[in-house]
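Numbering (UniProt numbering), first residue to last: 411 to 696. Using N, Cα and C, we set each Cβ at its ideal position, and we do this for glycine too. Reviewing the structure listed below.
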Ligand code: C2E
Ligand code: MG
Ligand code: MG
Ligand code: MG
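In structure tokens:
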């Protein structure tokens, strides 16, 4: 009996601390934008037809003044609950487009949009003005959404997706296979890319069910003329397997972790001028 009660009290304290922490985070998020505490990291996306760079996915990080680097999983949900996701999302879009505008060739930039941003009426106008202001070709911008975007307010979401696509922007489904939606939504909008969630890649070698899904997604995507991308590649074995299964693009720690802008640009440079980059990397002596 006694232990039950103290467990309960412990639990209550736990919840109170959690609520306080969230409240604190909310206040801090408001200030973080003004203080310039957000940074975009860029993770390479590799195309398997020529093993070259296709582009990068922008992933937000928060340099908290006292708690150090905070991952999005920790603050995006709070930002969504409090509406702060809208100004933060606008910042991400602008920063990512401004950065990618400087990149050579047709390198692409992918950004994540949360369903909350999608519900906000200003999104389309913001995208149009950011493209205009930065001069980035819409064909080089890719917007990643999860299946949850089509779980409610379907008509509104579809018309927004169509309007974005009309501008020339590419639309990808992120974390494919992990949502609760049925596959029927695939018929209502023609997505440009399907990003297979990394949990299927991780389980592929040990679980035949995962492998079956990895394969099925290639079939589905080809029927819809969508590009396939497999997320979370960590080993050479996984890379070889996904290549053999016919995936068009891959992303994961094996091919590059999310990195700072300068590092991403060094990678672009070394890809375009491999010989020069090699020389630049050599120590001055010898
Ligand atoms: P996501 O869009 O699915 O991004 C991929 C996540 O998987 C990233 O985590 C990335 O670091 C991680 N990852 C990539 N390769 C590997 C791998 O080989 N192994 C493992 N274990 N992980 C890998 P990150 O950066 O912590 O982002 C987590 C999620 O937060 C993202 O998932 C996305 O949903 C959200 N997010 C990130 N940036 C933004 C943003 O600017 N706006 C919004 N709305 N959401 C964002
Ligand atoms: Mg993503
Ligand atoms: Mg993902
Ligand atoms: Mg995700």
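Close Cβ partners of residue i (< 8 Å) along its chain, the five nearest in sequence each way excluded
{"i": "residue 702", "result": "This structure cannot speak to residue 702, because the chain is shown only from 411 to 696."}
{"i": "residue 696", "result": "Low local confidence applies: a pLDDT of 39 at residue 696 is under 50, so the model's placement there is unreliable, and no value is given."}
{"i": "residue 591", "result": "557, 558, 560, 561"}
{"i": "residue 586", "result": "557, 604, 605, 606, 607, 627"}
For residue j and residue i, the rounded distance between their alpha carbons
{"i": "residue 561", "j": "residue 680", "result": "42 Å"}
{"i": "residue 553", "j": "residue 617", "result": "31 Å"}
{"i": "residue 424", "j": "residue 483", "result": "20 Å"}
{"i": "residue 686", "j": "residue 673", "result": "16 Å"}
{"i": "residue 411", "j": "residue 491", "result": "Because the pLDDT at residue 411 is just 45, under 50, the model does not fix this residue reliably, and the value given afterwards should be weighed accordingly. Roughly 37 Å between the two C-alpha positions."}
{"i": "residue 534", "j": "residue 624", "result": "33 Å"}
{"i": "residue 555", "j": "residue 426", "result": "33 Å"}
{"i": "residue 430", "j": "residue 436", "result": "10 Å"}
{"i": "residue 649", "j": "residue 613", "result": "13 Å"}
{"i": "residue 671", "j": "residue 457", "result": "20 Å"}
{"i": "residue 676", "j": "residue 595", "result": "40 Å"}
{"i": "residue 477", "j": "residue 523", "result": "25 Å"}
{"i": "residue 422", "j": "residue 485", "result": "23 Å"}
{"i": "residue 684", "j": "residue 487", "result": "41 Å"}
{"i": "residue 582", "j": "residue 481", "result": "22 Å"}
{"i": "residue 473", "j": "residue 578", "result": "33 Å"}
{"i": "residue 653", "j": "residue 589", "result": "25 Å"}
{"i": "residue 460", "j": "residue 434", "result": "48 Å"}
{"i": "residue 655", "j": "residue 462", "result": "19 Å"}
{"i": "residue 467", "j": "residue 428", "result": "31 Å"}
Given residue i as reference, the closest of the options once Cα atoms are compared
{"i": "residue 641", "options": "546, 620, 623, 610", "result": "610"}
{"i": "residue 479", "options": "503, 498, 447, 468", "result": "447"}
{"i": "residue 514", "options": "532, 464, 599, 501", "result": "464"}
{"i": "residue 498", "options": "521, 517, 476, 477", "result": "521"}
{"i": "residue 504", "options": "529, 570, 668, 538", "result": "538"}
{"i": "residue 438", "options": "551, 461, 489", "result": "489"}
{"i": "residue 584", "options": "564, 573, 576, 608", "result": "608"}
{"i": "residue 496", "options": "475, 477, 527, 523", "result": "527"}
{"i": "residue 531", "options": "550, 502, 541, 571", "result": "571"}
{"i": "residue 634", "options": "473, 601, 662, 549", "result": "601"}
{"i": "residue 525", "options": "451, 567, 619", "result": "567"}
{"i": "residue 580", "options": "656, 550, 619, 494", "result": "550"}
{"i": "residue 452", "options": "629, 519, 428, 475", "result": "519"}
{"i": "residue 565", "options": "598, 542, 540", "result": "598"}
{"i": "residue 471", "options": "529, 569, 668", "result": "668"}
Opening and closing residue of the beta strand (DSSP E) in which residue i lies
{"i": "residue 453", "result": "448 to 457"}
{"i": "residue 582", "result": "580 to 586"}
{"i": "residue 472", "result": "463 to 474"}
{"i": "residue 521", "result": "518 to 522"}
{"i": "residue 636", "result": "No beta strand (DSSP E) holds residue 636; DSSP gives it neither H nor E."}
{"i": "residue 498", "result": "Looking at the DSSP string, residue 498 is not in any beta strand (DSSP E); the run it does join, the alpha helix (DSSP H), is 495 to 511."}
{"i": "residue 606", "result": "603 to 606"}
Same chain, Cβ closer than 6 Å to residue i, neighbours up to 5 away in sequence not counted
{"i": "residue 544", "result": "507, 508, 511"}
{"i": "residue 637", "result": "603, 658"}
{"i": "residue 547", "result": "none"}
{"i": "residue 517", "result": "465"}
{"i": "residue 662", "result": "642, 643, 644"}
{"i": "residue 631", "result": "604, 638"}
Endpoints, alpha helix (DSSP H) assigned at residue i
{"i": "residue 544", "result": "533 to 544"}
{"i": "residue 492", "result": "482 to 492"}
{"i": "residue 627", "result": "618 to 633"}
{"i": "residue 556", "result": "Premise fails: residue 556 lies in the beta strand (DSSP E), 551 to 556, not in any alpha helix (DSSP H)."}
{"i": "residue 570", "result": "564 to 576"}
{"i": "residue 678", "result": "671 to 682"}
{"i": "residue 647", "result": "646 to 655"}
{"i": "residue 526", "result": "525 to 529"}
7 Å CB neighbourhood of residue i in its chain, flanking five on each side removed
{"i": "residue 432", "result": "488"}
{"i": "residue 501", "result": "443, 448"}
{"i": "residue 682", "result": "514"}
{"i": "residue 540", "result": "503, 504, 507"}
Within-9 Å CB hit, residue i to chain D
{"i": "residue 571", "result": "No chain D appears in this structure, which consists of one protein chain only."}
- [ ] Under 5 Å from any heavy atom of ligand 2, by CB: list those residues in chain order, please.
- [x] 522, 554, 584
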